[in-house]
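Trainee:
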Amino acid sequence: MVPPSALEPTGGGEYKIFTPYYRRWSAADWRPTEPVPKQLADPDLESGHNLLDLLPPSTNESGIVGGETAGRRRLSAWLDGPLDSYEDGRDTPAGEHTSRLFAYLHLGCLSPLEVALAASEHPAGDSFVRQLCWRDFLLQVLAARPDASTAPYRDRGDTWVDDLDALQAWQNGQRGFPLVDAGMR
Ligand SMILES: Cc1cc2nc3c(=O)[nH]c(=O)nc-3n(C[C@H](O)[C@H](O)[C@H](O)COP(=O)(O)OP(=O)(O)OC[C@H]3O[C@@H](n4cnc5c(N)ncnc54)[C@H](O)[C@@H]3O)c2cc1C
Numbered sequence: 002m003v004p005p006s007a008l009e010p011t012g013g014g015e016y017k018i019f020t021p022y023y024r025r026w027s028a029a030d031w032r033p034t035e036p037v038p039k040q041l042a043d044p045d046l047e048s049g050h051n052l053l054d055l056l057p058p059s060t061n062e063s064g065i066v067g068g069e070t071a072g073r074r075r076l077s078a079w080l081d082g083p084l085d086s087y088e089d090g091r092d093t094p095a096g097e098h099t100s101r102l103f104a105y106l107h108l109g110c111l112s113p114l115e116v117a118l119a120a121s122e123h124p125a126g127d128s129f130v131r132q133l134c135w136r137d138f139l140l141q142v143l144a145a146r147p148d149a150s151t152a153p154y155r156d157r158g159d160t161w162v163d164d165l166d167a168l169q170a171w172q173n174g175q176r177g178f179p180l181v182d183a184g185m186r
């Protein structure tokens with residue numbers, strides 16, 4: 002919604018703490034949404050290649066229905082009711098209080114700007130829009146510190162453990178840390 006380099010703290014670099022970033026972000030101008038393009042140019046493929054051949058085979062292990070239409074449906078169902086209890090329920094990932102829009106946002110089926118504009122019209126929308134700001138906050142951290150995607154952002158002397166069983170337990174939501182496990186499941 003706000004490009005990574007658009008907001009800088011006094012002294013330069015990236016914002017390292019969320020709340021000051023959120024204050025600047027809230028006061029920043031959001032760009033208008035783009036209209037639907039009239040025409041899309043085909044990607045420049047070598048002759049003999051078909052775009053569909055380049056895509057990975059589609060799987061749906063998550064049970065989530067993909068695409069813009071499904072994302073928009075989910076968004077309007079969310080705005081129509083569950084958003085009311087978001088402020089109190091959002092920190093309980095095992096419950097039904099969050100939007101479950103993460104995949105649509107992450108994969109670009111829904112524009113975060115459009116989602117935020119729609120939510121900000123809603124009486125209970127502020128706390129949800131604040132969470133969307135976390136995406137931009139983390140993106141400006143990653144833009145300044147690409148290494149933070151694979152290494153600790155603040156080095157506290159932690160060491161990496163290569164443990165396949167622990168990795169699988171984490172992936173299956175069986176690591177033994179309730180918040181982490183609930184979020185993964
Ligand atoms: C204590 C706690 C810590 C979290 N830490 C992270 C984190 O480090 N990185 C992360 O990506 N998600 C984090 N989350 C958010 C979590 O990933 C989502 O709440 C979860 O995936 C459910 O998705 P949702 O679409 O239902 O989320 P919702 O709560 O409905 O949020 C809507 C969207 O806002 C964005 N969002 C919400 N919270 C965060 C956040 N904290 N950071 C970044 N984007 C966010 C996501 O795109 C999400 O889809 C955290 C949540 C909690 C409760």
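Just so you know, we're using our numbering here: the sequence shown kicks off at 2 and counts up by one.
Just so you know, even glycine gets a beta-carbon here, dropped at the ideal spot from N, CA and C.
#1: Tell me the residue span of the alpha helix (DSSP H) that contains Tyr23.
#2: Quick one: residues in its chain with C-beta nearer than 6 Å to the C-beta of Tyr16, no 5 flanking neighbours on either side, listed in chain order?
#3: Do you know how far the Cα of Asp30 is from the Cα of Leu76?
#4: Could you check if Gly1 is buried or exposed, using at least 16 other CB atoms within 10 Å of its CB as the buried criterion?
#5: Please tell me whether Thr34 and Leu118 are closer than 8 Å, where the distance is taken between their beta carbons.
#6: Given a cut-off of 8 Å, decide if Leu108 and Val116 are closer than it, judged by their beta-carbon atoms.
#7: State the Cα-Cα distance for the pair Ala167 and Gly158, rounded to the nearest angstrom.
#8: With DSSP as the reference, label Glu122 as helix, strand or coil.
#9: Where does Cys110 sit, in a helix, a strand or coil, going by DSSP?
Mentor: Let me spell this out:
#1: Looking up residue 23 in the sequence shown gives position 22. Residues 19-28.
#2: Translated into positions along the sequence shown, residue 16 becomes position 15. Around Tyr16: Pro10, Tyr22.
#3: Residue numbering aside, residue 76 sits at position 75 when the sequence shown is read from its first letter. Residue numbering aside, residue 30 sits at position 29 when the sequence shown is read from its first letter. When rounded, the distance between both Cα atoms is 23 Å.
#4: No answer is possible for residue 1: the residues shown for the chain start at 2 and end at 186.
#5: Locating residue 34 in the sequence shown gives position 33, where the first residue counts as 1. Locating residue 118 in the sequence shown gives position 117, where the first residue counts as 1. Yes, Cβ-Cβ distance for Thr34 and Leu118 is below 8 Å.
#6: Within the sequence shown, numbered from 1, the residue matching residue 116 stands at position 115. Within the sequence shown, numbered from 1, the residue matching residue 108 stands at position 107. Their beta carbons are not under 8 Å apart, which means Val116 does not touch Leu108 by this criterion.
#7: Counted from its first residue, the sequence shown places residue 167 at position 166. Counted from its first residue, the sequence shown places residue 158 at position 157. Roughly 20 Å between the two C-alpha positions.
#8: Locating residue 122 in the sequence shown gives position 121, where the first residue counts as 1. Residue state, collapsed to three classes: coil.
#9: By one-based count along the sequence shown, residue 110 stands at place 109. Coil, per DSSP.
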